[in-house]
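Below is one structure, written out as structure tokens, with a few remarks after it.
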Amino acid sequence: MPRINSISLWQVDDHVWKPVNPTKININGVENAFFTSVAINTHRGCVRIDLEPSKEFYKLLTRGFKPTSHAKIKLDRRGRRAIFHLSLEKDVEIYRPRNIKPVDINGNSVATLYEAFAAILETDLAETTLGYSYRKRGVLEEKWIRWQRG
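Counting from 646, one number per residue, gives the positions in the sequence shown under this note's numbering.
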């Protein structure tokens, strides 16, 4: 039976880990909890892990993301380190666009809705474009025939 000893992954909830000495910081009007170490409960007691946050973590904090209670811990035995993956969340506002006008473009007409009335503009573009395509096809066929004759 194969065994993998190099990496293991645990999903932990907030009752298994907690931040050590969290400080509240206010970034761009958003209050966040900031911490650089966590305590993880194990069967032998509590283990403290110091974190080294990346630049991306700080960027996300300044953009209004907040740490959640869900995390993943990855034990890398070859590198002799523990990797702590922290989930972030952000409250977003739903964007509701206004003044959108639906437009339907067909071969011979353009239709739009203005307030409660539908406006249809007859263009007859289909005949113009079809006539152009037929003419172009005829010219190319003539060139192809001349090229084949040599």
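Even for Gly, the Cβ is constructed at its ideal location relative to N, Cα and C.
Given the structure is predicted, the values throughout are model-derived calculations rather than measurements.
Coarse secondary structure for residue i, derived from DSSP in three states
{"i": "VAL784", "result": "helix"}
{"i": "ARG810", "result": "With the chain running from 646 to 795 in the structure shown, residue 810 is simply not present."}
{"i": "THR681", "result": "coil"}
{"i": "ARG743", "result": "coil"}
{"i": "GLU772", "result": "helix"}
Among the options, the one whose alpha carbon lies nearest that of residue i
{"i": "ARG726", "options": "SER714, GLU697, THR757 and THR707", "result": "GLU697"}
{"i": "HIS730", "options": "GLY724, ASN673 and PHE702", "result": "PHE702"}
{"i": "VAL683", "options": "GLY674, HIS660 and GLU676", "result": "HIS660"}
{"i": "ASN677", "options": "LYS700, ILE694 and ARG708", "result": "ARG708"}
{"i": "LYS704", "options": "ILE750, ASN673 and ASN744", "result": "ASN673"}
{"i": "GLU767", "options": "ARG780, LEU775, ASP749 and TRP792", "result": "ASP749"}
Assigned exposure category for residue i - 16 Cβ within 10 Å defines buried
{"i": "TRP655", "result": "exposed"}
{"i": "ARG782", "result": "exposed"}
{"i": "LEU706", "result": "buried"}
{"i": "TRP662", "result": "buried"}
Pair within 8 angstroms by beta-carbon distance, residue i and residue j
{"i": "SER754", "j": "ILE765", "result": "yes"}
{"i": "LYS746", "j": "LEU733", "result": "no"}
Task: Stretch-stretch touch, CB-based, cutoff 8 angstroms, three pairs: the region 655 to 671 with the region 703 to 719 - done: As far as the Cβ criterion goes, the region 655 to 671 touches the region 703 to 719, which means the pair count is three or higher.
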